[in-house]
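So the sequences go chain by chain: A and B. Basically my numbering = 1-based index in the first sequence + 3. Basically my numbering = 1-based index in the second sequence + 15. Note that CB positions come from ideal geometry on N, CA and C, so glycine has one too. Below: one structure, written as structure tokens.
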Amino acid sequence: MLNINVNINYAIAFISLMILMLSLYLVSYFRSESEAITCDARLSIIDNARTLNFRMNISFDNGDGFITLMAKDSASDAVLRLRKTFHYQLKKNDVMVLSNDASVMNFSSAEAFSTFKRYLPAFFFTTRSDMKMLTRVIKSSDDLLVFMIVDTPLFVCERR
Amino acid sequence: MEEVGRVAVVYIINEALIYDAQAHLLHYMCDDKTVTLPIPASNCFKILLDNHGEIISQETLLTRVWNARGMNVNANTLHQNISLLRKALSQIENGRSVIKTIPKRGFTIPTDVTIQKKIQDEESDPPGNEMAEVAAPPGVMTAAPVEKRLFLRRNGIRVFIAAGMLLLPLVVALWHIITPPRNYFSAYIEINDSEGCKVFVNNIPDDSVILQSLIKRSAVDCGARRWVYITGNHVADYPSFIACRNQPGTGLSPGCQSFYFFY
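Right, dumping it as structure tokens:
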């Protein structure tokens, strides 16, 4: 009788261990899958007769990310190309804290630079490593992320 | 294995009101009525209760209740929540004076308000009860079967708890796999079509003409049946909306674009 009990205990321990390992594997797999994201976003800023069109490609992968941004000003045909790398941390309530890393910028003229700087957050142009930007990123569907500030959507980003 | 139950912290205010900080509930003892507080209001109340007699500045409340959760709100929001709290407290005698505003300094709960803090530990049945239950019919069983039953029962409970704890991550993982994310825009309400665009808003506007003029200025091709989502509670100083080729969440590529309007 005692032997049967001991065997049952071993079996339970073994099955429990298997379940635990499988669970950990599934959780870590789906977590890493959901964190590795590349998406595209389009947005336009309309300021009277001027329209600035932006196309962005954003990548996130386990704490590191980059944004490639191309913008064109309809009023002056000025163009901005920007590639920015950053680190990020995911917090509660879908909050994401972006920390500045490095930027590579190409702009058609100094005037163009000041135009775009007027409309985009300082985070895109800064070289300060302590500069941070806060956003909320909500997964709306398998192919759509909504970038928000507090409870207002800023733009949507479509997964590739 | 010793089981530790949920610890509930309750405050009894002026011996007339019970506040459950975890559940954000106010229970009026006089009429046995319970109301639910909005979470920010509840969190403000808890901070004030925990610092009974001290003046808590607006900045402290804004930082601890909103900023710590990644939200940036102004003092108006704080005052609205304090006002909600006062309204809820006003149903007890002298309830209006429970939270006092100290001009230019903050808020306080005066020391003349009596507050009792109670920590309730909701533990599972103690082992003694289990023994009493098993050994209930005296004289019917011998000591050995009672011990054996007790051993098996305790073992069964241990296995049950262990299995539950181990299965929990599996259930979470499976839930993660099978549950599709909630379509963010499903909460938006459709209002009248604007020249072919299907327009959705999170708040019904007083004047939809403004929305139509925004859509016109954006040059969104409403003739091609666009889906337009307009958010009314802007924290930014300028209006914006999101226009999509296809309805998000339907499996078709949404093809969305955001528009911002600077005046």
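- Using a Cβ-Cβ cut-off of 7 angstroms, Thr-246 of chain B is close to Thr-155 and Pro-156 of chain A, given in chain order.
- Rounded to whole angstroms, the Cβ separation of Val-30 of chain A and Asp-97 of chain A is 18 angstroms, and the two are not in contact under 8 angstroms.
- Contact of Leu-104 of chain B with chain A by beta-carbon distance below 8 angstroms is absent, the smallest such distance being about 27 angstroms.
- Judged by DSSP secondary structure, Asp-65 of chain B falls within the alpha helix (DSSP H) whose first and last residues are 54-65.
- Using a C-beta cut-off of 8 angstroms, the segment 61-75 of chain B makes contact with the segment 116-132 of chain B, since at least three inter-stretch Cβ pairs fall below that distance.
- The CB of Asn-60 of chain A never comes closer than 9 angstroms to any CB in chain B; the least such distance is about 15 angstroms.
- The residue among A:Lys-75, A:Ala-44, A:Arg-45 and A:Tyr-91 with its C-alpha nearest the C-alpha of Asp-67 of chain A is A:Tyr-91.
- In the three-state reduction of the DSSP assignment, Ala-38 of chain B falls in the coil class.
- Within the same chain, and ignoring the five residues on either side of Val-113 of chain B in sequence, the residues whose Cβ sits closer than 7 angstroms to its Cβ are Ile-28, Leu-104, Ile-124 and Val-128.
- In summary, Asn-65 of chain A is exposed, with fewer than 16 beta-carbon neighbours lying within 10 Å of its beta-carbon over all protein chains present.
- CA-CA distance, Cys-212 of chain B to Arg-241 of chain B, rounds to 5 angstroms.
- Contact of Asp-50 of chain A with chain B is assigned, a C-beta pair being separated by under 9 angstroms.
- Per DSSP, the continuous beta strand (DSSP E) segment holding Val-50 of chain B begins and ends at 48-51.
- About 18 angstroms separates the CB atoms of Ser-57 of chain B and Gly-121 of chain B; that is not less than 8 angstroms, and the two are not in contact.
- For Val-149 of chain A, the beta-bridge partners assigned by DSSP are A:Ile-141 and A:Val-159.
- With a threshold of 9 angstroms between beta carbons, Gly-238 of chain B makes no contact with chain A.
- Contacts with chain B (Cβ-Cβ distance below 8 angstroms) from the segment 135-156 of chain A involve Leu-137, Arg-139, Ile-141, Lys-142, Ser-143, Ser-144, Asp-145, Asp-146, Leu-147, Val-149, Ile-152, Val-153, Asp-154, Thr-155 and Pro-156, listed in chain order.
- Legend: CB atoms of the segment 260-276 of chain B lying less than 9 angstroms from CB atoms of chain A belong to residues Pro-263, Gly-264, Thr-265, Gly-266, Ser-268, Pro-269, Gly-270, Cys-271, Gln-272, Ser-273, Phe-274, Tyr-275 and Phe-276.
- Rounded to whole angstroms, the gap between the alpha carbons of Met-73 of chain A and Met-24 of chain A is 45 angstroms.
- According to DSSP, residue pairing for Glu-205 of chain B in a beta bridge involves B:Phe-215.
- A distance below 6 angstroms between beta-carbons, with the five flanking residues on each side excluded, links Ala-90 of chain B to the following residues of its chain, in chain order: Gln-73.
- Annotated as proximal: Leu-147 of chain A and Arg-162 of chain A, with beta-carbon spacing under 9 angstroms.
- Residues of chain A whose Cβ lies closer than 7 angstroms to the Cβ of Met-86 of chain B are, in chain order, Val-153.
- One alpha carbon belongs to Arg-58 of chain A, the other to Ile-152 of chain A, and they sit about 19 angstroms apart.
- Cβ-Cβ distances below 7 angstroms link Lys-120 of chain A to Phe-128 in the same chain, with the five nearest sequence neighbours on each side left out; the list follows chain order.
- In the DSSP assignment, Gln-106 of chain B falls outside any beta strand (DSSP E), carrying neither H nor E.
- Tyr-122 of chain A: member of the alpha helix (DSSP H) spanning 113-122, first to last residue.
- Linking Thr-54 of chain A to Gln-227 of chain B through their CA atoms gives a straight-line distance of about 18 angstroms.
- By the rule that beta-carbons nearer than 9 angstroms mark a contact, Asn-198 of chain B touches chain A.
- Val-98 of chain A: member of the beta strand (DSSP E) spanning 98-110, first to last residue.
- In the displayed model, Tyr-28 of chain A falls within a helix according to three-state DSSP.
- No Cβ-Cβ contact shorter than 9 angstroms links Ile-18 of chain A with Tyr-275 of chain B.
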